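Undergrad: In terms of our numbering, the sequence shown opens at residue 4 and continues consecutively.
Positions of the beta carbon are idealized from the N, C-alpha and C atoms, including for glycine.
Quantities reported herein were computed from a predicted structural model and do not represent experimental measurements.
Structure incoming, see below.
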Amino acid sequence: MITVNYKFLTLLSVFLLHTSGVLSEHAFAQTIKEPSSFVSNLGNLEIINLGGFDTSPVPNKITETPIQVVSAEPPTSPSPPTQNAPTKRESIMTDEELEFLLFGSIDEVGLPETESEENDFIELAESKSWLPSVSASVGFGVSDNPMYGPYVRESSTYMEFETESFLLRQANPDYLSYFYFYGEGKRFLEVDDHKLTGILLLQAEHSYRPTSSPSSWGAKLRHTYYDQAFDFSDLGLPFSMQVQSNKSEIIPHFGYQLTPKIKLSAETAFGIDRYDNPSENNSDQKIQIDLTAKQSEQTTLHAKISHHTIRYVERSRKDGEGTNLSGGNLTTEKTGVSGSWKRLSNNPWLDTLGAEFKYSQLSDNAGAYYDYSKISTKLSHEIKGKKWKSVTELGWANYLYDIRTVSPGAQFERQSYGVDLLVTRKISSDWEIYLKWRYEEDQSNARDYEYYTNFWALGVKWEN
């Protein structure tokens with residue numbers, strides 16, 4: 004069995020209590036509600052009143068390997084509210100509503116609920132047909148194991164950079180179009196083999212949502228470039244290595260508002276992924292159905308079910324012992340369900356609370372070598388003061404492999420732990436400073452698959 008790292012948990016508790024003390028003098032102030040889950044650094048964007056409600060946290064790290072799906076690591080710093088209050092006919096698009104536009108579905112953003120809101124909606128859309136926003140940040144950090152090595156741990160200092168831009172067009176309230184760009188990179192100063200890692204993402208969407216109808220539909224185009232280190236334990240490789248890939252996707256989506264408080268949306272994604280190592284090249288298809296329910300002004304529930312198929316161009320199938328099989332290439336299918344809960348509060352010490360539970364099962368078309376089931380949970384907590392903000396996330400995942408063994412009679416076991424802590428302070432209307440820490444650890448009964456790593460960074464961010 005895997006031994007839980009009690010020393011790490013004790014250290015974490017002391018650290019969080021210390022951070023809460025630092026924030027105490029600022030926590031009395033009550034500010035505009037903002038979602039805790041990070042997807043965008045753009046902050047609050049002044050646009051038409053899209054209504055709707057907050058839901059659907061997004062994963063905050065690269066957790067999928069090429070055997071499943073590689074997903075971009077979102078930025079780790081939620082954005083502060085804008086200092087300029089909106090006018091009567093202007094509203095605020097929060098990071099979470101922007102999140103739905105980019106990585107969820109436009110169907111998750113609601114329509115104006117009253118005739119007055121609809122008139123403001125139309126007039127603002129006509130007066131502001133193009134709505135741009137830009138942000139950028141730079142920081143300095145240090146990591147004790149930036150390549151996630153199980154044996155060789157090379158520490159390194161690094162510079163980190165992020166930039167994000169968003170251009171939204173809605174001259175006609177029945178249509179919505181946008182262009183989005185995100186870039187993130189780290190320059191490691193003491194790692195010889197992999198000095199630079201990064202992600203570049205470009206996305207565009209056009210959606211049709213008539214103001215007189217509860218339904219909507221549209222499509223996204225997305226291209227993502229990765230150049231990062233990945234943990235390949237799911238592939239039977241006890242190493243981390245640099246991976247470069249280009250993935251292009253088209254994502255049609257459809258939504259329907261069942262009741263004023265319940266929304267249903269569905270989307271399917273078709274993608275092609277090309278790696279620097281051609282054996283990893285693949286095509287994939289994903290179908291996803293989401294159901295969101297707003298229980299009250301403070302509480303939201305979200306449920307999701309998905310099915311994901313990946314077809315590899317050259318990767319060989321394996322039998323139960325891990326030996327390559329002749330004839331045919333590997334295909335994997337992954338089915339998942341998830342549920343999340345989020346509550347907002349007027350208490351600045353409990354500004355946002357969140358919980359998420361996920362279950363997924365992967366199977367292959369060969370000897371079940373890759374087959375596993377995964378259970379994961381995530382807890383989030385946000386404290387918000389007048390100028391200070393603290394966001395904490397705790398994550399845990401357990402992998403149960405069907406037949407894969409590490410030695411005769413010993414089933415392969417693996418658990419993952421993660422902690423994210425972010426503290427920000429507003430220093431002007433456009434600038435803020437941030438301090439963040441991320442801890443990751445994998446524990447296993449096979450030493451090749453164990454590692455731990457810390458990332459600390461201090462930086463400054465600007466947004467307009």
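Where does Y151 sit, in a helix, a strand or coil, going by DSSP?
TA: Three-state DSSP puts Y151 in coil, outside helix and strand.
Undergrad: Return helix, strand or coil for P281, following the three-state DSSP convention.
TA: Here P281 sits in helix by DSSP.
Undergrad: Can you name the start and end residues of the beta strand (DSSP E) that G339 belongs to?
TA: Residues N327 to L347.
Undergrad: Ignore the nearest five residues each way along the sequence and tell me which others in L199's own chain have a CB closer than 6 Å to its CB.
TA: Counting only Cβ-Cβ distances below 6 Å, and skipping sequence neighbours, we find R190.
Undergrad: Would I430 be called buried (16 or more neighbouring beta carbons within 10 Å of its own) or exposed?
TA: By the 10 Å Cβ count, I430 comes out exposed.
Undergrad: If you measure between the beta carbons of I436 and V394, is that distance less than 9 Å?
TA: Not closer than 9 Å, so no.
Undergrad: Give every residue of the same chain whose Cβ lies closer than 6 Å to the Cβ of I267, excluding the five residues on either side of it in the sequence, and list them in chain order.
TA: Looking at the sequence shown, residue 267 is not Ile but Leu. For L267, where only same-chain residues beyond five positions count, the Cβ hits under 6 Å are Y259, L261 and L294.
Undergrad: Can you tell me the Cβ-Cβ gap for E449 and V409, rounded? I've got them flagged as a contact below 8 Å.
TA: Glu is not the amino acid found at residue 449; the sequence shown has Ala there. About 4 Å separates the two Cβ atoms, so the contact holds.
Undergrad: Taking the C-alpha atoms as reference points, what is the distance between K387 and R346?
TA: In a straight line, the C-alpha of K387 is about 14 Å away from that of R346.
Undergrad: Give the secondary structure of Y452 by DSSP, where H, G and I count as helix, E and B as strand, and everything else as coil.
TA: Three-state DSSP puts Y452 in a helix.
Undergrad: Does P176 come out as helix, strand or coil in the three-state DSSP assignment?
TA: DSSP places P176 in coil when its eight states are reduced to three.
Undergrad: So for L192, helix, strand or coil by DSSP?
TA: Reduced to three states, the DSSP call for L192 is coil.
Undergrad: Between the Cα of D279 and the Cα atoms of S159, S248 and K264, which residue gives the shortest distance?
TA: Taking only the C-alpha atoms, the option nearest D279 is S248.
Undergrad: For T214, report the span of its beta strand (DSSP E) as first-last.
TA: That residue, T214, is in no beta strand (DSSP E); it is neither H nor E in DSSP.
Undergrad: If Y454 sits next to P153, beta carbons under 8 Å apart, how far is it from one beta carbon to the other, in whole angstroms?
TA: Their Cβ separation, rounded to whole angstroms, is 5 Å, which keeps Y454 and P153 in contact under 8 Å.
Undergrad: One question on the structure: do F255 and G221 come within less than 9 Å of each other, judged by their Cβ atoms?
TA: According to the sequence displayed, residue 255 carries Pro and not Phe. It is a contact, given that the beta carbons lie within the stated cut-off.
Undergrad: So what's P351 in DSSP terms, helix, strand or just coil?
TA: The answer is helix: DSSP assigns P351 an H, G or I state.
Undergrad: If you reduce the DSSP assignment to three classes, tell me which class S132 lands in.
TA: Note: S132 maps to coil in three-state DSSP.
Undergrad: What would DSSP say about K223, mapped onto helix, strand or coil?
TA: DSSP places K223 in strand when its eight states are reduced to three.
Undergrad: For E385, which residues of its own chain have a beta-carbon under 6 Å away from its beta-carbon, when the five flanking residues on both sides are left out?
TA: Only S39, D354, T355 and V394 meet the Cβ criterion.
Undergrad: Nearest to L382 by alpha carbon, out of A358, K390, T160 and K392?
TA: It is A358 whose Cα lies nearest to the Cα of L382.
Undergrad: Since S210 and S219 are thought to touch, with beta carbons under 8 Å apart, how far apart are those beta carbons, to the nearest angstrom?
TA: Indeed, because the Cβ distance is near 6 Å, the residues count as touching under 8 Å.
Undergrad: Nearest to L438 by CA position, among T456, G421, A460 and S419, is which residue?
TA: L438 has its Cα closest to that of A460, out of T456, G421, A460 and S419.
Undergrad: Within a Cβ cutoff of 6 Å, which residues of the same chain sit near D230, ignoring the five residues on either side of it in sequence?
TA: So the qualifying residues of the chain are T200, G201 and Q247.
Undergrad: Report the residue from K289, W434, D374 and N285 whose alpha carbon sits nearest the alpha carbon of F415.
TA: Checking every option, the nearest Cα to that of F415 belongs to D374.
Undergrad: For A400, report the span of its beta strand (DSSP E) as first-last.
TA: W391 to S410 is the extent of the beta strand (DSSP E) around A400.
Undergrad: Is any non-hydrogen atom of the ligand GDP found closer than 8 Å to the C-beta of Y228, if you look at the structure I gave you?
TA: Among the ligands in the structure shown, none appear at all, so the ligand GDP cannot be discussed.
Undergrad: DSSP on R156, reduced to helix/strand/coil?
TA: Coil, per DSSP.
Undergrad: Return helix, strand or coil for K387, following the three-state DSSP convention.
TA: Residue state, collapsed to three classes: strand.
Undergrad: Select from E466, V316, W465 and F458 the residue whose C-alpha is nearest the C-alpha of S158.
TA: Closest by alpha carbon: F458.
Undergrad: Buried or exposed: where does Y3 fall if 16 or more other Cβ atoms within 10 Å of its Cβ makes it buried?
TA: Here the chain covers residues 4 to 467 and nothing more, so residue 3 does not appear.
Undergrad: In chain order, what residues of the same chain lie with their CB nearer than 6 Å to the CB of G342, ignoring the 5 residues before and after it?
TA: Closer than 6 Å at the Cβ level, and outside the excluded window around G342, lie A306 and F360.
Undergrad: Which whole-angstrom value is the C-beta distance of T456 and D147, which I expect to be below 8 Å?
TA: Contact holds; Cβ gap of about 6 Å.
Undergrad: How is S319 classed by DSSP in three states: helix, strand or coil?
TA: S319: strand per DSSP, three-state reduction.
Undergrad: Grab me the residues of W434's own chain with a C-beta within less than 6 Å of its C-beta, minus the 5 sequence neighbours each way, in chain order.
TA: Excluding sequence neighbours, W434 sits near W465.
Undergrad: Buried or exposed for W133, going by 16 or more other Cβ atoms inside 10 Å?
TA: Burial call: exposed.
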